[in-house]
Structures are given as structure tokens and as C-alpha cells.
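In what follows, a structure is listed as C-alpha cells, so that the remarks can point back to it.
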Amino acid sequence: MANKKVLIITPFFAPESHAAVFRAHKLVKYLKRAGWQPIVLTVDTNYNYNEDASLLEELKDIPIHRAKYIEPTVRGLKMWLTGKDRTYKALKKEEENDNVAQIPTAKRNLENKPGFVQKLYSFCLAHYLKKPDRFWTWKKPAIKKAKQLIQQENIGLIYTTCLPFTTNQIGIALRKSTKVKWVADFRDPITYAKRMHSSIPHVFKLQRKIQDETFKFADHISVLSSSYKMIFHDQYEGQYNEKITFIPTGLDDDYIPKKTNIENSIVFVGEYLKEYKGDFFKVFKKTLNRLPKEKRPLLKIIGNKEINQKQALPYIDALNLRANVKFIDHLPQKELYMHIQNAKYALLIPGLTSLWWTNFAKMVDYIALQKPVIAFVPAISEAQNELSNAGLGVFLTENNESNIKKLENIFLEESENKSIQTTYCKRYLASSQTQAFIEIFNHISV
1 MANKKVLIIT PFFAPESHAA VFRAHKLVKY LKRAGWQPIV LTVDTNYNYN
51 EDASLLEELK DIPIHRAKYI EPTVRGLKMW LTGKDRTYKA LKKEEENDNV
101 AQIPTAKRNL ENKPGFVQKL YSFCLAHYLK KPDRFWTWKK PAIKKAKQLI
151 QQENIGLIYT TCLPFTTNQI GIALRKSTKV KWVADFRDPI TYAKRMHSSI
201 PHVFKLQRKI QDETFKFADH ISVLSSSYKM IFHDQYEGQY NEKITFIPTG
251 LDDDYIPKKT NIENSIVFVG EYLKEYKGDF FKVFKKTLNR LPKEKRPLLK
301 IIGNKEINQK QALPYIDALN LRANVKFIDH LPQKELYMHI QNAKYALLIP
351 GLTSLWWTNF AKMVDYIALQ KPVIAFVPAI SEAQNELSNA GLGVFLTENN
401 ESNIKKLENI FLEESENKSI QTTYCKRYLA SSQTQAFIEI FNHISV
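1 is the number of the first residue of the sequence shown in UniProt numbering; add one for each residue after it.
Printed below as a string of C-alpha cells:
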């Protein structure tokens, strides 16, 4: 196609550095390398997240436009009226300067009010001020700016990614009012899993309407987990199957570390959730007892150190495992990938009954780096399917004795894993992710 311009619409973008940023970030970065002209439309204010200036440096030749966004909260209103910066990064900096030990988290309620007032405020947020989500105030400015860019730049393609629901509303409006082709990307099955949508009937009704109209008006649907295709098949009785494509998020090719000697370690990446409990540690302890001292692996838990220690240490201490577990605080991606590359195995332990549909962000990294994974996941699940396709899975079951024997065997073995499907693993690189989107862009532009 002659015009290779595509408007990327997302409220989560650099310099923000959380997980929701990277799918669009890598797409933009590698579209540019492939000869395309990505143009980004995002929010003008980051209220809740850490930032990494180096992410913007990677995109220094790419136009990024920021439409007005006022968070529909007391904080957002105060910032709009007074101009005083009360964003997460500003508050964090203040507390660091004041030597306050407790660092605020993105989840902290920054407008704490006691008793009835807090309850009333929370009610208003859930029922009205976050309908369909907290980005609704961005919709009109974003649509206005997008229309200007489409006309001025002669843009023929738009890409949106959700959650939030608001980005799909923007896509629907632009598809109805302009001649653009629209790719709607789903990072989550937005009305399937309860934690993705509102439990309030009138809010959920709007959210479901947005999803229905997205499938009706989008020229193509991309999903980051193949399981979403099955979910959407059931929700729409196969009506839209032909325009749904599974495209996994890819690890940035530039960040792949050089091969080094493998150390005798297991690496867990991310937040150790309370739902994980201590099941794996019990198996780990019994495995260590059966292994010679020189064969006993070190378990590295990499992520928010304060949260992970709070959740995991009670189980570790109860089993006297401190000497075999090391906590490492959140790391930049390049450094994190070195730890994954150096480990003998990675660890994935959501359990046997939860999140069957999830293509975990950490699993993307494990597959891209071709790292064998000890996986405690549902037998019928996206994780089981993709790790099997990649030849990387060491799957645990409900039978603890079998699990212990399996772990004992893999740490006694010296031979390399010869079942790794290297070609399939490359599907989980950013360059492959981008090429898959390019094929869709070309297809719908004909």
C-alpha cells in the first residue's frame, strides 16, 4: 500500500513504564523500522504510574500527540483548577525527599476521606465517574485531535488497544465518521472475566454495548491470547471468527541478552500474589531435601521486593528456606532478561484452576528467551498450550509426589533441553508481533 501511516490510539504510552504500555510501544518502534509511519495519540497527563525516559528516547523520531485528559476524581479536579501536580510520580518524589519509608503505590487512594464521605465518594466513582472507565473525559478531546490528524496527515488506518473501554469508543466514533480502517486490539477478554468489567448493572450494560459495537464496526480484531478467540466465539456464536487474529505480544529484539553460562537457579518474575499461598514452596522444600547440596537451585523472586517479601516470607520461613530464596527488587527490562537468560528454569504458578485464558506477560518473556518453565497452570489453558507449542513446559499437577520427582530429575540432569521449538519461540519477539500486524494492515487496506 502507498500510504503507510497508522494512528496508534492508547492512553498508556511512554514515558509510562507499566505492563499495559509495551504492546503498543513495541508496535510503534518496529513499525518505524519496517518503513511505516506510526503516529501516536495518547493522554497529556500520567496520574498513576512510574515513568522511564529511555522509552521515549527509543521513539524520538515518532510524532506523539497528547489530548487533554482530566482524571474524574477529586485529585483530577484539584489539579485542573489549581495546576498543582498531585500525580503519583510527584507524590513519590515528595515522599522520597522527605525520607518517608512508605512509598505510595499506584493503587493507593490519593483522596482518602473517612466514613460516610469516603463511601459516598466511592459510590460516585463506581456508578458515574468511571463509566465506562476513568478515561471517559479523554474521549472527546481524543476524537477531535484524531480527526484533525486523519485529515492533515491523510491517515487511512487506526489501531486502538483496550482496556480501557474508552479507546474502543474512540475507534467506533472514528470508524463511523471517517473513512479510516480500524484494527481493534484486545489485551483482555473485557466482558468475560469479572475483574475486567464493572459489577454495577448500568455500567456493565454500557461496557458490553461498547464491546458489541467494536465487533460490529472494527475491520479486524487482534487478540494477545488465542483463548480470547474461543471466548469471543462463544459470546457471538462465531459471527466474527473470520476477522479475529491471535498476535502475542513480543519481547523487544534489541533487549535479548547474549548467551552466557547457565547458573543453577529458578527465576520467578512479578508479584507473588496471596492466591499463590505456599504450595510451590512445600514442593520446593521436599525437592531440595532429595538433591545433593551442589545440585540445589537458588530461587530468585524478582519484582516489588516489599510486596513479595510480605506475601512469600511467611511460607519461606515456615519451611526454613531463606538460604535457598533470594528477593530482588524491580529491575529494568534489560537487566531482568539477563537474570532470566542465566537461570536454568523460570517459574509460573497461578494454580490449576485460575486464569486459564491468560497469556501472562512474564510467559511472553520466557518463551521469547527460550527458557524452560516450571508451570503450575490449568491442564486446559493458554499457558499449557503455548508452553507446549514452544517445547518449554515442565508441568506440575495435583500429585505432589510426582511433582517432587519431576523437579528432582530436571535438576539432576546435565543435558540441554532438546525439545525447544525455536521457530515457534520467535513468534514471541516484537519484530514478529509487528509483522503480524503489518499483514493485517495490508489486508484490510486492499
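All C-beta atoms, glycine included, are put in the ideal place defined by N, C-alpha and C.
- Of the candidates 9, 50, 12, 50 places its Cα closest to the Cα of residue 330.
- The beta carbon of residue 425 lies closer than 7 Å to those of 367, 368, 370, 390 in the same chain, with the five residues before and after it left out.
- Per the DSSP secondary-structure output, residue 268 pairs in a beta bridge with 301, 347.
- In the three-state reduction of the DSSP assignment, residue 375 falls in the strand class, which pools E and B.
- In the DSSP assignment, residue 180 falls outside any beta strand (DSSP E), carrying neither H nor E.
- Residue 85 and residue 94 have their C-alpha atoms roughly 11 Å apart.
- Secondary structure at residue 35: coil, using DSSP grouped into helix, strand and coil.
- The shortest CA-to-CA distance from residue 168 to any of 129, 216, 291 is the one to 216.
- Sixteen is the threshold: since fewer than 16 other Cβ atoms of the shown chains lie within 10 Å of the Cβ of residue 423, the residue is exposed.
- In the same chain as residue 363, and ignoring 5 residues on each side of it, the C-beta atoms closer than 8 Å to its own belong to 348, 373, 383, 386, 387, in chain order.
- Residue 29 places its beta carbon less than 8 Å from that of residue 59.
- Secondary structure of residue 238 (DSSP, three-state): coil.
- If you ignore the 5 residues before and after residue 136, its C-beta comes within less than 6 Å of the C-beta of 166, all in its own chain and listed in chain order.
- Judged by DSSP in its simplified three-state form, residue 87 adopts coil rather than helix or strand.
- For residue 265 against residue 298, the beta-carbon gap comes to about 5 Å, under 8 Å, which counts as contact.
- Its chain contains 44, 141 as the residues whose beta carbon lies nearer than 6 Å to that of residue 68, once the 5 sequence neighbours on both sides are disregarded; these appear in chain order.
- The three-state secondary structure of residue 275, taken from DSSP, is helix.
- The beta carbon of residue 213 sits closer than 7 Å to those of 172, all from its chain and outside the five residues before and after it, given in chain order.
- Taking a C-beta distance under 8 Å as the contact criterion, residue 247 and residue 222 qualify as a contact pair.
- Counting along the chain, residue 222 sits inside the beta strand (DSSP E) bounded by residues 220-223.
- Contact check between the region 21-35 and the region 2-9: three or more CB pairs, one atom from each, fall below 8 Å, which counts as touching.
- Secondary structure note for residue 117: its alpha helix (DSSP H) is the uninterrupted segment 115-124.
- With contacts defined by Cβ atoms closer than 8 Å, residue 281 and residue 319 form a contacting pair.
- Three or more pairs of CB atoms, one per stretch, sit closer than 8 Å, so the region 156-166 contacts the region 186-197.
- In terms of Cβ geometry, residue 341 and residue 434 do not form a close pair [threshold 8 Å].
- Per the coordinates, the alpha-carbon of residue 351 lies some 39 Å from the alpha-carbon of residue 117.
- Only residues of its own chain outside the window of five on either side were considered, and among them 21, 25, 55, 56, 59 have a CB closer than 7 Å to the CB of residue 14, listed in chain order.
- Looking from the CA of residue 34, the closest CA among 437, 445, 443 belongs to 437.
- Looking at the DSSP output, residue 162 shares a beta bridge with 186.
- Non-local beta-carbon contacts of residue 139 in its own chain, meaning distances under 7 Å to residues more than five positions away in sequence, involve 166, 169, 170 in chain order.
- Taking a 10 Å sphere around the C-beta of residue 79, we find 16 or more other C-beta atoms and assign the residue as buried.
- Contact between residue 42 and residue 62 fails: their C-beta atoms lie close to 12 Å from each other, not under 8 Å.
- The residue among 156, 307, 360 with its C-alpha nearest the C-alpha of residue 181 is 156.
- Counting of Cβ neighbours within 10 angstroms places residue 197 among the buried residues, the total reaching 16 or more.
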